[in-house]
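*Asks:* Be aware that the sequence shown starts at 638, since it is given in my numbering, and climbs by one per residue.
All residues carry an ideal CB built from backbone N, CA and C; glycine is no exception.
Computed from a prediction, not measured in an experiment: that's the story for all the values here.
There's a structure below that I have some questions on.
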Amino acid sequence: MAASQEGRVSDLKQTTVKRTYLESIQTFDILLANGWIIDGTGAARRRGDVGIVGDRIAAIGELRAQGASAKQTIDAAGKVIAPGFIDTHGHDDLMFVERPDLEWKTSQGVTTVIVGNCGVSAAPRPLIGNTAAALALLGQTELFDSYHAYFQQLERLDPMINVASLVGHANLRLAAMKNPLARPTSDELARMRQLLEEALEAGVAGMSTGLAYEPGCMAEREELLALASVAARQGALHTSHIRNEGDEVVAAVDEVLELGAASGCATIISHHKCLMPRNWGGSETTLRNVDRARESGQAVAMDVYPYNASSTILIADRAELIDDIKITWSTPHPECGGRYLADIAAEWGCGRKEAAERLSPAGAIYFAMDEADVQRVLAHPCCMVGSDGLPNDANPHPRLWGSFTRVLGNYVRRCRLLSLEEAISKMTALPASVFGLADRGTLRAGAFADVVIFDPDIVEDRADWDHPTLRSVGIEHVFINGTSVFPEPPSRRPGRVLKRHQQRRAT
Ligand SMILES: [Zn+2]
638 MAASQEGRVS DLKQTTVKRT YLESIQTFDI LLANGWIIDG TGAARRRGDV GIVGDRIAAI
698 GELRAQGASA KQTIDAAGKV IAPGFIDTHG HDDLMFVERP DLEWKTSQGV TTVIVGNCGV
758 SAAPRPLIGN TAAALALLGQ TELFDSYHAY FQQLERLDPM INVASLVGHA NLRLAAMKNP
818 LARPTSDELA RMRQLLEEAL EAGVAGMSTG LAYEPGCMAE REELLALASV AARQGALHTS
878 HIRNEGDEVV AAVDEVLELG AASGCATIIS HHKCLMPRNW GGSETTLRNV DRARESGQAV
938 AMDVYPYNAS STILIADRAE LIDDIKITWS TPHPECGGRY LADIAAEWGC GRKEAAERLS
998 PAGAIYFAMD EADVQRVLAH PCCMVGSDGL PNDANPHPRL WGSFTRVLGN YVRRCRLLSL
1058 EEAISKMTAL PASVFGLADR GTLRAGAFAD VVIFDPDIVE DRADWDHPTL RSVGIEHVFI
1118 NGTSVFPEPP SRRPGRVLKR HQQRRAT
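Rendered as C-alpha cells:
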C-alpha cells in the first residue's frame, strides 16, 4: 500500500529529528507510556512510548528506558496508541457553532472531520427565496456568505476538533441561479465557477456534489465538468453522493469516474452502497470499475459507514420500495420520530407513500443494504471510513456515535475482516494522504499530536437502532494538537481549521 511505504520512508527521515528532540528535551509535556504503537501507515504494531511537547509529537520509542520524564505520564500498558481518527464524511458544518463540544466525535476517537459533504455546506448562502430540502440536514444556524466568513467564525469559536471542508455544489447552484432547478445560463455557470474559486481560495479541500438531491440532480455533464475542472486546476477534490445508489448504481459510479478522467480532478465516491435487494452484489461491478480507473492512473477513493442501513431525508418515492423505513424526525409530526413508517401508515389508515408525504419534511433510516456489499466496500484498499453522521437528527442513525468504534469492534475483532493495522490506516494515514492533511494521520516525531488510546479487547460501538446516541466503550484518551479532549472536555478547545493551501498534497 502506497501510504505505508510513504510512512516508512518518512519514519526513516524522522529518525534524525527524533534524536535531536531527545538530546534537547528530556522532559515531555505528556508521555504516553508502554503502549502498542500502531502508527497509521499499516506497519505492524510495536511496543513503546510517545512523547508530546506542545502541539506535536516530539519522539517515539523506548523513551522511559532512555531516561525521559514528563509533566504528565499516562500508562498505556496493554492499550493501543494510534493517530486520532479522521472522519472523512461529516455533516457537522453548523454543529461547530450550535453544539461545539462534538462529543459524538471525541468519544469515538475522531480528531479531524471533513464537512460540507453531499452537495450541502455552510457556505455560500443561497439567494433569497432559494432553498433545498437537503440543507435541513445541517442545522438551524443561518448559512454563511462565504467560506472566508465561515472559517473566520470557526476560528473565533475555537473548534473542538480539526476541521476541513468541501463546498457544496447545491450551495453553488442556490447562490448563483435564479431558478436552481433549471439548467444554468452561461452567466450563472460563470458565477458558480467564480464562487467555487472563492471557496478554494478561502481554503476548502474541494467540491462535493449531491447528485441524488435537488438541485444537484438537475446538473448535467457540461456543468459538472466545468466545475470539476476548476477544482482540478487547483489540485482540489470532487467528492460525490452519486446520482443513484439503487438500480442505476453502476452507471452513477461510472458517471463520476468519467468526470474525473475528463477533468483530471481527484474523485471520492461518498458512502458507497447498493440499495434494495435486487441491487445487492452490485459492488462487485462498481469496485471493478473503480479499480480500472485507478489502474489507468486516476486518483479515486471512497468512503463508507460500517452499517447495512442508510439515512437521509425522507423520500416519499422510496416508501413503497423499501419495507423497513424508520422515521428519525418530522417537522409536521415530531411525535413520529423513532417510529416505523409502516406502523404510522397502518395507524393512519393510508398507504406508506401517502404517510411519507404527510410526514415531510422529515428524516429516515432505510434498511435496504446487504452486509456482503458493506464488507466488500470497507475492505477495498482505497476505502476510508466516513460516519455520514447526522447530529441534527432527533433520533439519528447510530453511525453518528459509533462508526469508528464499530469498525474496531465488529469488523476487526468480531468479523476479522480487517487487521487492526489495516483498519487504523483507513481511518488515519489514508484519509490524511487523500485530503492532503499535512503532518496528520501518522504517529511520527514532528507530526501534530492527534492521538487516541484505546483498549483493543473491548473497544466497540454501543449506539444501535433503538439507542442511537449511546457512547462507545474502550476509548480511553483522545488528544488533539497535544491537548486532551476526552474523557474530560478541555478548558480551551484545541481544534484547527485545516485550509487546503496551508496543507501539502501528500499524494
Ligand atoms: Zn450523502
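#1: Would a C-beta distance cut-off of 7 Å place Gly685 and Gly677 closer than the cut-off?
#2: To the nearest angstrom, report how far apart His1200 and Glu735 are at their CA atoms.
#3: Nearer than 6 Å: is that true of the beta carbon of Cys755 relative to any heavy atom of ligand 1?
#4: Within the continuous beta strand (DSSP E) that includes Val804, where are the two ends?
#5: Are the segment 1047-1065 and the segment 974-987 touching by the rule of at least three beta carbon pairs closer than 8 Å?
#6: Would you list the residues sitting across from Asp940 in a DSSP beta bridge?
#7: Determine the direct distance from the alpha carbon of His1017 to that of Ala836, and round the result to whole angstroms.
#8: Pairs of beta-carbons, one from the segment 1087-1099 and one from the segment 1109-1118, closer than 8 Å: are there three or more?
#9: Could you pull out every residue in the same chain whose Cβ sits closer than 8 Å to the Cβ of Arg701, ignoring the five residues on either side in sequence?
#10: CA-CA distance, Gly1046 and Ser758?
#11: For Asp712, list the residues DSSP reports as bridge partners.
#12: Taking DSSP as the reference, what is the three-state secondary structure of Tyr850?
#13: Does the separation of the CB atoms of Arg793 and Leu780 fall below 7 Å?
#14: Do His878 and ligand 1 come close, with the Cβ less than 6 Å from some heavy atom?
#15: In whole angstroms, what is the alpha-carbon distance linking Asp980 and Val887?
#16: Secondary structure at Met844, three-state DSSP: helix, strand or coil?
#17: Looking at Ala999: is its Cβ nearer than 7 Å to the Cβ of Leu951?
#18: Which whole-angstrom value is the C-beta distance of Gly883 and Met855, which I expect to be below 8 Å?
#19: In the DSSP assignment, what are the bridge partners of Pro720?
#20: Could you tell me the distance, in whole angstroms, from the CA atom of Asn754 to the CA atom of Gly727?
#21: Would the C-beta of Ser845 count as close to ligand 1, meaning under 6 Å from any of its heavy atoms?
#22: Report buried or exposed for Leu818, applying the criterion of at least 16 other Cβ atoms within 10 angstroms of its Cβ.
#23: In angstroms, rounded to a whole number, what distance separates the CA positions of Glu1059 and Lys742?
#24: Measuring alpha carbon to alpha carbon, tell me which of Val893, Arg925 and Thr1065 ends up nearest Glu857.
*Replies:* On the basis of the data shown:
#1: In the sequence shown, counting from the first residue as 1, residue 685 sits at position 48. In the sequence shown, counting from the first residue as 1, residue 677 sits at position 40. For Gly685 and Gly677, no; Cβs fall outside 7 Å.
#2: Any property of residue 1200 remains undetermined from this structure, which presents the chain solely from 638 to 1144.
#3: For this step, residue 755 is matched to residue 118 along the sequence shown. Yes, the beta carbon of Cys755 sits closer than 6 Å to at least one heavy atom of ligand 1.
#4: Here residue 804 is taken as the residue at index 167 of the sequence shown, counted from 1. Residues Asn799 to Gly805.
#5: no
#6: Here the question's residue 940 lines up with position 303 in the sequence shown. Asp940 is bridged to Met1021.
#7: Sequence index remark: in the sequence shown, residue 836 carries index 199 (1-based). Sequence index remark: in the sequence shown, residue 1017 carries index 380 (1-based). Looking at the two C-alpha atoms, the distance is approximately 31 Å.
#8: yes
#9: By 1-based counting over the sequence shown, the position of residue 701 is 64. Within the same chain, Arg701 has close Cβ partners Leu668, Ala670, Asn671 and Asp686.
#10: In the sequence shown, the residue the question calls residue 1046 occupies position 409. In the sequence shown, the residue the question calls residue 758 occupies position 121. Going by the C-alpha atoms only, they are around 31 Å apart.
#11: As a working note, residue 712 is residue 75 in the sequence shown. BP columns for Asp712 point to Ala670.
#12: Here residue 850 refers to the residue found at position 213 of the sequence shown. In this structure, Tyr850 counts as coil in the three-state DSSP scheme.
#13: Sequence index remark: in the sequence shown, residue 793 carries index 156 (1-based). Sequence index remark: in the sequence shown, residue 780 carries index 143 (1-based). Result no, Cβ atoms of Arg793 and Leu780 do not sit closer than 7 Å.
#14: The count along the sequence shown starts at 1 and reaches residue 878 at position 241. Result yes, Cβ under 6 Å from ligand 1.
#15: As a working mapping, residue 980 is identified with position 343 in the sequence shown. As a working mapping, residue 887 is identified with position 250 in the sequence shown. Each residue's alpha carbon lies about 33 Å from the other.
#16: Counting from one through the sequence shown, the residue named residue 844 turns up at place 207. Of the three classes helix, strand and coil, the one that applies to Met844 here is strand, per DSSP.
#17: As a working mapping, residue 999 is identified with position 362 in the sequence shown. As a working mapping, residue 951 is identified with position 314 in the sequence shown. Their beta carbons are under 7 Å apart, which means Ala999 touches Leu951 by this criterion.
#18: On the sequence shown, position 246 is the one that residue 883 refers to. On the sequence shown, position 218 is the one that residue 855 refers to. That pair is no contact at about 19 Å.
#19: If you number the sequence shown from 1, residue 720 lands on position 83. Paired residues: Val1088.
#20: The residue labelled residue 754 in the question sits at position 117 within the sequence shown. The residue labelled residue 727 in the question sits at position 90 within the sequence shown. Looking at the two C-alpha atoms, the distance is approximately 7 Å.
#21: Position 208 of the sequence shown, counting from 1, holds the residue named residue 845. Because no heavy atom of ligand 1 lies under 6 Å away, the Cβ of Ser845 does not count as near it: no.
#22: Position 181 of the sequence shown, counted from the first residue, corresponds to residue 818. Leu818 should be labelled exposed.
#23: Along the sequence shown, read from residue 1 onward, the residue named residue 1059 stands at position 422. Along the sequence shown, read from residue 1 onward, the residue named residue 742 stands at position 105. The straight-line gap from Cα to Cα measures roughly 21 Å.
#24: As a first step, residue 857 is located in the sequence shown; it is residue number 220 there, counting from the start. When each option's Cα is compared against that of Glu857, the closest is Val893.
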